[in-house]
Structure formats: C-alpha cells, structure tokens
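Asks: Each residue of the sequence shown is one higher than the one before, counting from 1 in full-length UniProt numbering.
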Amino acid sequence: MTDTEEIQEKAVEQQDASTLGRVLRKAGRFEHYFNARSRLNLTGYVTVCARYAHTSGDPLTKPLLFAALEDVIRKNVALAARFSPGSPEGVWVALPLVDLNRVVKLVDQDSASLPTLLEGLFVQQLEFSEDMPLWRLVVLRDGMVVFAYDHTLGDGQSGLAFHHNLLASLRNIHDPPSDHSGVVSSLPEDAVLTPALEDATDVTVPFPMLVRVLSKMLFPFLDRKKGKAWAGYPVQDPPTLVTTVRLLEYTPEQASTLIKLSRDHKATLTSTMHTLAIIVLSRLLDAQPANKKFQYVHSSIPMSLRRITGTPSSAICNQVSALSTYHSLFRPAPSIISKDTFPWDRASTLTAALRRELPHSPRVVGLFKFVSGKYDEYCLGMLGKKRGSAFELSNLGAFSEPPAKEGEETRWRIQEMFFVQSDATIGAALKVNPVGTAAGGLGVSVTWGKGAVDDELAEEFVKAFDEGLRTLAQ
C-alpha cells in the first residue's frame, strides 16, 4: 500500500466514525438560498480566473501547485468543508481530508480557449459528494488557474481572496517540491469558519420595508414600472445551465484613464460602466419595434458587505447584498459616445445611491427570514415568470497583491484576471463582471443564459459596450 493510499484509508476510517463529521457552525438563511439554487440546477459555478507567471518562465508544476494549495487549505477551513442542508437547520461540516487529485484538473489548453472552457464548465451540474469540498480548480498549460466554486461557499470577493492566498503561498515556497500526494489531511481541529452574514451584522428588516415588499407581492399592479421594464425573456422553464461567455481586456493605461475620468465626474468605474450598459441597451431596444414600448430596465449591482461586517478580504465567505433598481432608458439613445457628451449626471447619481444604500443593504438579505425555510419553493416559483433584472453589473474591484517581504524578490505574479459567472436561469438576462488585474489592467466578462435573451442582441451588446468603453478610455 502506498503512502497516499494509507492516508486516504485513515481518513475514510475517521469519516466512518461519524456520519456527519465535525460541525463548524449552523448555516445562514442566505447560504440556504444559494444552496437551493445550486441543488436545483438553477445556477452553475462562480469562477475567478487568474494567469500565474514566474519571472524566469518556469511553469506552475503540479507538485508546486499542490504544495501551495495545501497551505491555502490549512489556513482557510472553508476550502475543506461541505454544506449539509439535510439537518433541521443546515450545517457546515469539516472534511477529514481534501484529495486534490479529484479537485484539480490540468488541461492541455491555453488562455485562448478560456471562453469555451468556461462554457463547458458552466453546463456541468454541481457535485454535492459528502467527501468533496464545494470548489474545483482547472489549470491551463499557460498558467491560467480557474477557481470554480458554488455560490453557497462564497461571493465574488471570495474568488479574489482565493487567488490572493494562493499567490502568497506560491511566493513563500522557496524550495519547490518534486512530488506531492495531493492528499491534504490532518487538518487543524481548531479552525473556525467565518460567521454567516446574519450573525456578522444586523439584517433586521424595517417594518415599512416589509410592508412595501409584501404589498408588491400580493398586489403586483403596485409595481407600476415592472410592466414597462425590459428584462429579456421570462425565466426559462425548464431550467438551463447553458451559458455564453465573452471576455474583454483593457490595458493598465486604458483602465487608469477610465478610473480617472469617472472620478473627475464624481462617478466610479462601476457607475460609468452601468450607465454605458443602459445607453447600449437603449439603442438596441429602440431598433426593435417590439421593444419600443419599454421605458425602463431593472438592474442589480452587488455590493460587498465586508466593510460593514469587518470580515477580512482574505476570507472565503458569502457576505454580499445588492442595489436593485429601475432605470429609465435613454430616449432617444445617444448615437455617439464621447467623454464630453456622456451622461455623467446619471453615473454620479448612481454612485451617490450606492454609497447611500450600502449601510442599509444587509436588510435585503434579512428578507429571507420570511421565506420560512421554503427555499426550493421560492426558487422554483420564479420559473416561467418575468425575469427580475435586465442586467447585473458586479465589479470585484482591483486585485490586491500579497505584501512582499522586505528585500525579497517577487517571482510569482498574476497577469490577466477574469470574474465570470453563469446564473443562466434565474439570473439577469445579461451579466457584466469587471475585475482589476494586479498589473492595473481590466478584465470584463459578459455572459447570458440560453433563452434569456436573443443571441444576436447579446452579441451586439458586447460589441457596442466594448467600443464605448474603449472610446472613453482613449
């Protein structure tokens, strides 16, 4: 029997000793919601992709990667945990081991194949094995590392946290190993999982807000803008995981110009891109007679709550809310996009709204209390209904590099980055996800689920959005 087999056998014996394992903590309602979406195959993986490069050109070998991952796992118990919704309240359970040979997949492709690879990954149903964590890793031959994870495990910032931690671990390995079994066992017994959002901050729903939400549910006509808002096609029934992925890249100079331009107009990159998306959609809808009746679009902008909860950026957890609002379409839509004619008033107004609403946004998550544990019914009830949002814009912000030790040469670096999610069925018709790279560049993904929107309209959106952003970045 090999050393690897002995380690695995001991771990299996430990697991058999307890049908559940060491309970880390109870699950939060927000986590239950995301778990229901995943179990029902209404959504696929969330991914954050980063291309790792060594100054000498050395490849990211399997033993080196496994050694770095072992260090990351030992410091982040979330990566060695599974979600057990079967118990009365649902719990997170520690795994006795993580077998990286089953979690990590090395493929003979390079980054040029990333969109196709991600489309293939998204169509796969998530696995919920009792001996597997809720994440997978796909490594391409040019150093591109795809961290794919169930949204139950973490929010978008968790993807950045993973790569931050992995890069730090790679930099701390000065004598690369020649071999690694891939089995990470004897995990810390005192490891603590980051608290659920509901335990990390106050998510109490104010009574007026509750009345307003319930009134619109019981009397849909009270939501007067909903019928006049374009949101793509209704939520697919039956559900689908098929997702189209398009990736856009911008240089550090272009990204810097966009950020400065936004700040000069009291806006942010998020609000600028959001306003540009509305301009593009206004043009496309105006060109289609059947869509001229629409006056609004509904959008969703996720907001990290870590500044409120005090959770460190290195943590892997689910602490996010969103600003969901209607926006008037531009009529007529601007035919030309330029720095001078861009509607900066719209962008600055949205920036102010995001800052104003952030402190109060946890109460949006508090509404899940009134689902009364019927998460499956809540999610399935969306099928066939009008889609909630026309588009979602989720900006992860800039990647934060691990601090370098004084006098030490930094040999491992991250080049390109992309944040890509599918959410093909119950998500917004279009998803726009930017992330800033360590080098100061910008990676943007645009995705849509099959049947959520016409492919031709979506492709035209990507082209016009890209052209508009490059014009502003000149």
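Glycine included, every Cβ here is placed at the ideal spot set by N, Cα and C.
(1) Buried or exposed, going by whether 16 or more other CB atoms sit within 10 Å of the CB of GLN8?
(2) Between the Cα of VAL23 and those of SER56, ALA36, TYR52 and TRP92, spot the shortest distance and give me the residue it belongs to.
(3) Among ALA353, SER314 and ILE279, which residue has its Cα nearest to the Cα of GLU460?
(4) Roughly how far, in whole angstroms, is the beta-carbon of VAL103 from the beta-carbon of GLN421, given that I think they are within contact range, below 8 Å?
(5) Would you identify the three-state DSSP class for PRO362, choosing helix, strand or coil?
(6) Where GLU253 and ALA398 are concerned, what is the direct C-alpha to C-alpha distance, given to the nearest angstrom?
(7) Since CYS49 sits in a beta bridge, which residues does DSSP pair it with?
(8) Taking LYS431 as part of the beta strand (DSSP E), name the residues at either end of that continuous run.
(9) Spell out a yes or no on whether the segment 290-309 and the segment 219-237 are touching, meaning 3 or more CB-CB pairs, one atom from each, closer than 8 Å.
(10) Of the residues VAL435, LEU69 and ASP423, which one's Cα is nearest the Cα of TYR250?
(11) Once DSSP output is grouped into helix, strand and coil, what is the label at THR244?
(12) Per DSSP, TRP448 is paired with what?
(13) For PHE34, which of helix, strand or coil comes out of DSSP?
(14) Taking three-plus beta-carbon pairs below 8 Å as touching, is the segment 195-207 in contact with the segment 427-434?
(15) Whether or not the segment 40-59 and the segment 409-425 are in contact is what I'm after, with contact meaning three or more pairs of Cβ atoms, one per stretch, closer than 8 Å; do they touch?
(16) Could you check where the alpha helix (DSSP H) with ALA81 kicks off and where it finishes?
(17) Compare the beta carbon distance of ASP108 and ARG74 with 8 Å and say whether it is the shorter of the two.
(18) If you reduce the DSSP assignment to three classes, tell me which class PRO302 lands in.
(19) Report all residues from its chain with a CB closer than 6 Å to the CB of TYR33; omit the five preceding and five following residues, and keep chain order.
(20) Jot down the residue ranges of each uninterrupted beta strand (DSSP E) in the segment 123-180, minimum 3 residues, whole runs only, in chain order.
(21) Using 8 Å as the threshold, is the C-beta distance between ALA347 and SER271 below it?
(22) Below 7 Å CB to CB, which residues in the same chain sit around PRO402 once its five sequence neighbours on both sides are set aside?
(23) CA-CA distance, LEU281 and GLU189?
(24) Please determine, among SER38, SER111 and GLY120, the residue with the shortest C-alpha to C-alpha distance to PHE83.
(25) Taking 8 Å as the threshold, find out whether the segment 320-333 comes into contact with the segment 179-188 through three or more Cβ pairs.
(26) I'd like the ranges of any beta strand (DSSP E) spanning at least 3 consecutive residues and lying wholly in the segment 217-278.
(27) Taking Cβ positions, are THR351 and LYS260 nearer each other than 8 Å?
(28) Would you give the residue range spanned by the alpha helix (DSSP H) that LEU64 belongs to?
(29) Mind checking which residues open and close the alpha helix (DSSP H) that includes ARG102?
(30) Nearer than 7 Å: is that true of the beta carbon of TRP230 relative to any heavy atom of the ligand HEM?
(31) According to DSSP, GLY443 sits in a beta bridge with which residue or residues?
(32) Where does ALA11 land, buried or exposed, given buried means 16+ other C-beta within 10 angstroms?
(33) With distances taken between CB atoms, is the gap from ALA458 to THR244 smaller than 8 Å?
(34) Note down, in chain order, each residue of its chain lying with its Cβ closer than 8 Å to the Cβ of ARG307, except the 5 sequence neighbours on either side.
(35) Measuring only the C-alpha atoms, how far is LEU28 from PHE221?
Replies: In short:
(1) Start at 1 with the first residue of the sequence shown, and residue 8 comes out as number 8. Bear in mind that the predicted position of GLN8 carries a pLDDT of just 41, short of 50, making it unreliable; the figure below should be weighed with that in mind. By the 10 Å Cβ count, GLN8 comes out buried.
(2) Locating residue 23 in the sequence shown gives position 23, where the first residue counts as 1. Minimum Cα distance to VAL23 is reached at TRP92.
(3) The residue labelled residue 460 in the question sits at position 460 within the sequence shown. When each option's Cα is compared against that of GLU460, the closest is ILE279.
(4) Position 103 of the sequence shown holds residue 103. Position 421 of the sequence shown holds residue 421. Not really, about 20 Å apart at Cβ, beyond 8 Å.
(5) Within the sequence shown, residue 362 is the residue found at index 362, counting from 1. Here PRO362 sits in helix by DSSP.
(6) For the purposes of this step, residue 253 is identified with residue 253 of the sequence shown, where counting begins at 1. For the purposes of this step, residue 398 is identified with residue 398 of the sequence shown, where counting begins at 1. Cα-Cα distance, rounded: 14 Å.
(7) One-based indexing of the sequence shown puts residue 49 at position 49. BP columns for CYS49 point to VAL146 and PHE418.
(8) Reading the sequence shown from its first residue, position 431 is the one you call residue 431. Where LYS431 is concerned, the enclosing beta strand (DSSP E) stretches over 430-436.
(9) yes
(10) In the sequence shown, the residue the question calls residue 250 occupies position 250. The residue with the shortest Cα to Cα distance from TYR250 is VAL435.
(11) The residue labelled residue 244 in the question sits at position 244 within the sequence shown. If DSSP states are grouped into helix, strand and coil, THR244 belongs with the strands.
(12) Within the sequence shown, residue 448 is the residue found at index 448, counting from 1. In DSSP, TRP448 forms a bridge with THR244.
(13) Working through the sequence shown from its first residue, we reach residue 34 at position 34. Helix.
(14) no
(15) yes
(16) Position 81 of the sequence shown, counted from the start, is the residue given in the question as residue 81. Counting along the chain, ALA81 falls outside any alpha helix (DSSP H), though it belongs to the beta strand (DSSP E) covering 81-84.
(17) Position 108 of the sequence shown, counted from the start, is the residue given in the question as residue 108. Position 74 of the sequence shown, counted from the start, is the residue given in the question as residue 74. It is not a contact, given that the beta carbons lie outside the stated cut-off.
(18) Your numbering for residue 302 matches position 302 in the sequence shown. PRO302 falls in the strand class under three-state DSSP.
(19) As a first step, residue 33 is located in the sequence shown; it is residue number 33 there, counting from the start. Closer than 6 Å at the Cβ level, and outside the excluded window around TYR33, lie PHE368 and TYR375.
(20) 135-140 and 144-149
(21) Looking up residue 347 in the sequence shown gives position 347. Looking up residue 271 in the sequence shown gives position 271. Result yes, Cβ atoms of ALA347 and SER271 sit closer than 8 Å.
(22) Here residue 402 refers to the residue found at position 402 when the sequence shown is read from its first residue. These residues qualify, in order along the chain: HIS164, LEU167, ALA168 and ARG171.
(23) Walking along the sequence shown from the start, residue 281 turns up at place 281. Walking along the sequence shown from the start, residue 189 turns up at place 189. Those two C-alpha atoms are separated by around 52 Å.
(24) As a working mapping, residue 83 is identified with position 83 in the sequence shown. Nearest of SER38, SER111 and GLY120 to PHE83, Cα basis: SER38.
(25) no
(26) 243-250
(27) Numbered from its first residue, the sequence shown carries residue 351 at position 351. Numbered from its first residue, the sequence shown carries residue 260 at position 260. It is not a contact, given that the beta carbons lie outside the stated cut-off.
(28) As a working note, residue 64 is residue 64 in the sequence shown. Segment 62-75, the alpha helix (DSSP H) holding LEU64.
(29) As a working note, residue 102 is residue 102 in the sequence shown. Start and end: 100-103.
(30) You won't find the ligand HEM in this model; it holds no ligand whatsoever.
(31) As a first step, residue 443 must be located in the sequence shown, where it is residue number 443. According to DSSP, which records beta bridges pairwise, GLY443 is partnered with GLU249 and VAL435.
(32) As a working mapping, residue 11 is identified with position 11 in the sequence shown. For ALA11, the predicted structure reports a pLDDT of 39, less than 50, and the residue's modelled location is therefore unreliable. The matter cannot be settled from this model.
(33) For the purposes of this step, residue 458 is taken as the residue at position 458 of the sequence shown. For the purposes of this step, residue 244 is taken as the residue at position 244 of the sequence shown. Contact flag set, yes.
(34) In the sequence shown, counting from the first residue as 1, residue 307 sits at position 307. Excluding positions up to five away in sequence, the list reads LEU358.
(35) Here residue 28 corresponds to residue number 28 of the sequence shown, with the count starting at 1. Here residue 221 corresponds to residue number 221 of the sequence shown, with the count starting at 1. The sequence as given places Gly at residue 28; Leu does not occur at that position. Rounded to whole angstroms, GLY28 to PHE221 spans 32 Å at the Cα level.
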